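Under the working numbering, think of the first position of the sequence shown as 10, with each following residue one higher.
Where is the CB? At the ideal position from N, CA and C, for every residue including glycine.
Keep in mind it's a predicted model, so treat the numbers as computed, not measured.
Quick notes on the structure that follows.
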Amino acid sequence: MTNPLDSRFPTGDVSPGFLLWQVTNRWQAAIRRALAPHELTHVQFVLLAVLTWGDTAEGMTQAELSHRAGADPMMVSQVVRALAERGLVERHPDAADRRAIRVRATAEGCERARAANNAVEDVDEAAFGDRAGDPSPLAGHLADVLRRLQS
């Protein structure tokens, strides 16, 4: 017989990390299914949503997009390139800093983000019970966890 796992928790059912891992896997699968008809991956949707939410004529730099989305800059660069090839975003050099690339969602990209957002929010509501304007305590707790992990 092997020794049991040396854990602070009697079972995985009460381990917050293990529960979060299980929830994340199931939630991501539901998000993938919801985004499939919109022909977007989850990361493509997130970047388009951030661009659409912060929609301005000049867009934002890829670095700013990466920061706002909480995503790796190299991954953002690759995904933005793929979105540009599909005509969902436009990329151009920043006038003030030639090293920076500015990105903005095209009209088609904004429309795709808006349509996909409804599907994503349906999944979120079913999974977490959140409704717009009526966030659950879970959203506040997750924001607290994120802040602790970022510091």
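Practice problem: Could you have a look at THR61 and say whether DSSP puts it in helix, strand or coil? | Solution: On the sequence shown, residue 61 is found 52 positions in, with the first residue counted as 1. Helix at THR61.
Quiz item: Would VAL55 pass as a contact of ALA78 if the rule is Cβ separation under 8 Å?
Solution: Here residue 55 refers to the residue found at position 46 when the sequence shown is read from its first residue. Here residue 78 refers to the residue found at position 69 when the sequence shown is read from its first residue. Closer than 8 Å, so yes.
Quiz item: By how many angstroms is the C-alpha of VAL32 removed from the C-alpha of ALA41?
Solution: For the purposes of this step, residue 41 is taken as the residue at position 32 of the sequence shown. For the purposes of this step, residue 32 is taken as the residue at position 23 of the sequence shown. It is worth fixing the name first, because residue 41 is Arg in this sequence and not Ala. Roughly 14 Å between the two C-alpha positions.
Quiz item: Any idea what DSSP makes of ALA104, helix, strand or coil?
Solution: As a working mapping, residue 104 is identified with position 95 in the sequence shown. It is coil, neither helix nor strand.
Exercise. Give the DSSP bridge partners of MET69, in chain order.
Key: Position 60 of the sequence shown, counted from the first residue, corresponds to residue 69. Secondary-structure assignment with DSSP links MET69 through a beta bridge to VAL112.
Quiz item: Around the Cβ of VAL129, are there at least 16 other Cβ atoms within 10 angstroms (buried) or fewer (exposed)?
Solution: Counted from its first residue, the sequence shown places residue 129 at position 120. The residue is buried, with at least 16 neighbouring Cβ atoms inside 10 Å.
Exercise. Pick helix, strand or coil for ASP143, following the three-state DSSP scheme.
Key: Numbered from its first residue, the sequence shown carries residue 143 at position 134. The answer is strand: DSSP assigns ASP143 an E or B state.
Quiz item: Would a C-beta distance cut-off of 8 Å place ALA72 and ALA109 closer than the cut-off?
Solution: Translated into the one-based positions of the sequence shown, residue 72 becomes position 63. Translated into the one-based positions of the sequence shown, residue 109 becomes position 100. Cβ distance < 8 Å, so ALA72 and ALA109 count as in contact.
Self-check item: Rounded distance between the beta-carbons of ALA43 and ASN126, thought under 8 Å
Solution: In the sequence shown, residue 126 corresponds to position 117, counting from 1. In the sequence shown, residue 43 corresponds to position 34, counting from 1. That belief does not hold up - the Cβ atoms of ASN126 and ALA43 are roughly 10 Å apart, past 8 Å.
Practice problem: Could you work out which residue in ALA122, ASP22, ASP143 is closest to LEU92 when comparing CA atoms only? | Solution: Within the sequence shown, the letter at position 83 stands for residue 92. If we check each option's Cα against that of LEU92, ALA122 comes out closest.
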